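Structure first, commentary second.
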Amino acid sequence: MTTPVQVTVTGAAGQIGYQLLFRIASGQLLGPSTPVVLRLLEIEPAMKALDGVVMELDDCAFPLLAGVEATSDLRHAFDGANWALLVGSIPRKAGMERGDLLNVNGGIFKPQGRAIAEHAASDVRVLVVGNPCNTNCLIARSSAPEVPADRWFAMTRLDQNRAETQIAKRVGTGVAGVKNLAIWGNHSSTQFPDFANATVDGVAVPVAVGDDAWLRGDFITTVQKRGAAIIEARGASSAASAANAAIDTVVSLTTPTAPEDCVSVSVTSRGEYGVPEGLTFGLPVQVDLAGAWHVKEGFAIDEFAAQKIQLTTDELLAERDEVKKLGLV
Ligand code: NAD
Ligand code: LMR
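When you read off a place in the sequence shown, starting at 1, and then add 69, the result is the number in the numbering used here.
In structure tokens:
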């Protein structure tokens, strides 16, 4: 039997965990011939709930599931991890300032970053889902300088999926026809879903849609505020679509990208498109035939786009300043 891939999921007993684990175990993350060991991290109070999830995983009798390790111990959770999906975090509560939230999450992502550096496999790749995911990723990466910067990702794929659906619906076509849709910046309400470089059924989106006011207005705000709209409607944040986007991210990062397309994912900036170096920033990425990723070149950035990208850059710089002040990076 092929050596199983070790996949760590933190916050495994949470909403997203419940939507994610069964899909990983069924082969949707790494393909139908790759066995996986799930390494599930939770905090002590959630271990009983996690036991229940493990029972359900057992009861699915997934042929590809080669083992499950449920633990509240960081070392055990990240031991030999090839992929680490950092989902668990503390959501913002009423009256909490951004600094408070970053401080609380620093207490989670700093030690997790260290544990990844010390115990994960030498090829580990990390996807941060827990919010604020870009800056949480920066915190974890900063405490794990041994792990190369190109192995750290934060999730902006849900935003890409949301944007693609809005455009497909507007044009009245299938979502598979929408390509090259980049999400720039932060996974927050300042993100910039870039319609101008995207295509639908091979036609530039502005031409296919034929309504610039909608693209520059409602389209952008719908995507930016979709997370909040779901919380308002469901009384809880997106979970199934977030888990789906986490799967999509890993699949896209392990599959060559078609030349006319891109993957939206937050990566460590090397200064591409003028983005400050070292920020975890949503960019258009392509994966080559050898499995390496790079930021896709050639996106046209007009004045409107430049202003939007500046706004989200400023927000991420402010978050970075805040965590620097707190001594987290
Ligand atoms: P949830 O509250 O249902 O689950 C979070 C789980 O994390 C809980 O079970 C909790 O016990 C656990 N946890 C807390 N601290 C932990 C720690 N130190 N180690 C391990 N586990 C810990 O939340 P959820 O709905 O599953 O969402 C998880 C995170 O994902 C939230 O921060 C949410 O805002 C974020 N999110 C991100 C995106 C995105 O697109 N990037 C989309 C949706 C949700
Ligand atoms: C989402 O985009 O659905 C979430 O990040 C929203 C949230 O704040 O949990």
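Glycine included, every Cβ here is placed at the ideal spot set by N, Cα and C.
Here the structure is a predicted model, which means the values were calculated and not measured.
### Query
For residue 156, which residues of its own chain have a beta-carbon under 8 Å away from its beta-carbon, when the five flanking residues on both sides are left out?
78, 79, 80, 81, 83, 85, 86, 89, 198, 199, 315
### Query
How is the alpha helix (DSSP H) around residue 234 delimited, first residue to last?
226 to 240
### Query
What do you reckon, are the CB atoms on residue 380 and residue 259 nearer than 7 Å?
yes
### Query
Does the beta-carbon of residue 169 have 16 or more other beta-carbons within 10 angstroms, so that it is buried, or is it exposed?
exposed
### Query
Which first and last residues belong to the alpha helix (DSSP H) in which residue 126 is found?
116 to 129
#### Entry: Cβ-heavy atom distance, residue 355 to the ligand NAD, below 6 Å
no
#### Entry: Classification of residue 194 by the beta-carbon crowding that lies within 10 angstroms, buried from 16 upward
buried
### Task
Return the chain-ordered list of same chain residues with a C-beta closer than 8 Å to the C-beta of residue 382, the five sequence neighbours on each side being excluded.
254, 344, 345, 348, 350
### Query
How about residue 158: is its Cβ closer than 6 Å to a heavy atom in the ligand NAD?
yes
### Query
Can you tell me whether residue 286 is buried or exposed, with buried defined as 16 or more other CB within 10 angstroms of its CB?
exposed
### Task
Write down the C-beta distance between residue 273 and residue 252 rounded to the nearest angstrom, noting that I regard them as a contact closer than 8 Å.
With 8 Å as the limit, residue 273 and residue 252 do not qualify as a contact, their Cβ atoms being about 18 Å apart.
### Extent of the continuous beta strand (DSSP E) run through residue 223
221 to 223
#### Entry: residue 207 (DSSP reduced to helix, strand or coil)
helix
#### Entry: Proximity below 7 Å, CB of residue 189 to CB of residue 163
no
#### Entry: Alpha carbon of residue 187 to alpha carbon of residue 222, nearest angstrom
19 Å
### Task
Rounded to whole angstroms, what's the CA-CA distance from residue 95 to residue 105? Just pull it up for me.
9 Å
### Query
For residue 196, which beta-bridge partners are listed by DSSP?
154, 222
### Message
Our contact map puts residue 357 next to residue 325 with C-beta atoms below 8 Å; I'd like the distance itself, whole angstroms only.
### Response
6 Å
### Query
Does the stretch 170 to 184 come within contact of the stretch 203 to 221, defined as at least 3 CB pairs closer than 8 Å?
yes
### Query
Exposed or buried, which one is residue 331 when buried takes at least 16 other CB atoms within 10 Å?
buried
### Inter-residue spacing [alpha-carbon to alpha-carbon] between residue 127 and residue 196
25 Å
#### Entry: Supposed contact pair residue 141 and residue 111 - C-beta distance, whole angstroms, cut 8 Å
6 Å
### Message
I'd like the list of long-range same chain contacts for residue 306, defined as Cβ closer than 8 Å, with 5 residues on each side in sequence excluded.
### Response
84, 160, 296, 299, 300
### Query
How many angstroms separate the CA atom of residue 113 from the CA atom of residue 238?
44 Å
### Task
Classify residue 164 as helix, strand or coil using the three-state DSSP reduction.
coil
### Query
Going along the chain, which residues of its own chain have a beta-carbon closer than 7 Å to the beta-carbon of residue 119, five neighbours each way excluded?
81, 82, 109, 111, 139
### Query
Where does residue 108 fall in DSSP's three states?
strand
#### Entry: 4-residue-minimum alpha helix (DSSP H) runs that sit fully inside the stretch 244 to 291, ordered along the chain
274 to 278
#### Entry: alpha helix (DSSP H) segment containing residue 319, residue limits
309 to 322
### Outcome for residue 377 when other beta-carbon atoms lying within 10 angstroms are tallied against a minimum of 16
buried
### residue 353 in three-state terms, based on DSSP
strand
### Message
For residue 146, list the residues DSSP reports as bridge partners.
### Response
Per DSSP, none; premise fails for residue 146.
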